[in-house]
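Beneath this line is the structure, given in structure tokens, with notes to follow.
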Amino acid sequence: MWKFIVPFAVFTLLGAFLFIGLYRDPSYVPSPLIGKPAPEFTLPSLQDPAFPIATKDLAGKPWVLNVWGTWCGGCRQEHETLVAIAKQGAVPLIGLNWKDDDAAAQDWLRQLGNPYAAVATDHEGRTAIDWGVYGAPETFLIGPDGTVLYKHIAPMTFEVWNKEFLPRIEATRAGQGAKS
Amino acid sequence: MNTWSIRAVLVALTVFSTGDALAVDTQRAFDDPQLQARYEGITRELRCLVCQNETIADSNATLAVDLRREVSEMIAAGKSDDEIRDFMLARYGDFVLYKPRMTGKNFLLWAAPVLFLLIGVLAALRFIKRRAAEAGIATETDTAGPEAGKS
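So the protein lines, in turn, are chains A and B. No gaps in the numbering here: position 13 of the first sequence is 14 in my numbering, and each next residue is one more. No gaps in the numbering here: position 65 of the second sequence is 503 in my numbering, and each next residue is one more.
Put into structure tokens, the structure is as follows:
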């Protein structure tokens, strides 16, 4: 009896693992930043380099950091979605222009519309490294207390926004309401 | 030259020339050979996450270039290898290390070889015991003679 059950069980287990493996994305790397304080930065603004953008100024409300560059195909792909999301006005979108040319980035926003409340420029890519960015576009959700709540790697879609971002944004508001 | 020495030269050429031809990070980061060795060692055990199957020493991706700069700056600032690894771990997670650490999450992975060996040894022991017992029965019946088996 065991002679049949054991191999069958081993086969089923192995099959289950391989089956799950079929639907997992091997290029997806979970961020160790989730649940941790968002790395701070103070960077020049794309619109006016004299006017710096600091994470400290954003504390107290949930906000979204979107890492993009004009060299990035996925960023072009998600841009219309970002513009539409910005129109909904649930949270401010802050752009992190990663290793890009200022003039090219300004042209991009002029031509395609600007979904960002502000765009910080990271010419050297140091802030991107602090945030563990490895492939644009990446989108982070930061809570009112400055904690990273979620990270999406790949172009933003309405599906992801409605399923992953909006409920978490609502949850931070509900939490705050209960505290006050 | 005879054919054998020509072959030897060709083999030597193919074996020893590839390393330099494949090197991406050709600029020396440090004049001090000791620091340079540390730099090369650590960039060879960090994964470039854009390309995933290359170390940051082997990759031409801009992120790899940035991370190499970060490593060389940290070495110049007198940071230890562990501090540099922790810097990368805090940002990119365990996946960035080519030599993985043992953590609670992957403990089973580390324990699996020992576990499988144990299972194998136990199975072998059981098998040997059963064979020994069967052999014992066989010799007993043998000594009892062919008549005993008939009844």
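Glycine included, each C-beta is placed from N, C-alpha and C at the ideal position. No experiment lies behind these values; they were computed from the predicted model shown.
A distance below 6 Å between beta-carbons, with the five flanking residues on each side excluded, links Phe166/A to the following residues of its chain, in chain order: Leu142. Exclusion of the five residues before and after Gly133/A leaves Ser32, Pro33, Leu34 as the residues of its chain whose Cβ lies within less than 8 Å of its Cβ. Unbroken alpha helix (DSSP H) runs of no fewer than 4 residues, entirely contained in the segment 502-548 of chain B, are found at 519-530, following chain order. For the C-beta of Val488/B, the chain A residues within less than 8 Å are, from N- to C-terminus, Tyr135, Gly136. For Ile575/B, DSSP assigns no beta-bridge partner whatsoever. Between Met526/B and Leu473/B, the C-beta gap is not smaller than 9 Å, which leaves the two residues out of contact. Contact of Leu527/B with chain A is assigned, a C-beta pair being separated by under 9 Å.
If you check each beta-carbon in the segment 473-501 of chain B against every beta-carbon of chain A, the ones closer than 7 Å belong to Leu487, Val488, Gln490, Thr500, Leu501.
Among the residues of chain B, none has a CB under 8 Å from the CB of Pro63/A; the nearest is roughly 22 Å distant. Taking a cut-off of 8 Å on C-beta distances, the segment 92-100 of chain A touches the segment 119-139 of chain A, as three or more cross pairs fall below it. Cβ atoms of Gly75/A and Ala155/A come within 8 Å of each other, at about 7 Å. Rounded to the nearest angstrom, the gap between the Cα atoms of Met512/B and Lys37/A is 23 Å. In the DSSP secondary-structure assignment, Ser46/A is bridged to Ala121/A.
Arg506/B is positioned such that its CB atom lies closer than 9 Å to that of Ile494/B. Of all residues in the segment 26-45 of chain A, only Pro27, Ser28, Val30, Pro31, Ser32, Pro33, Leu34, Lys37, Pro40 come within less than 9 Å of chain B when Cβ atoms are compared, listed by chain position. Rounded to whole angstroms, the separation of the alpha carbons of Ala528/B and Pro40/A is 11 Å.
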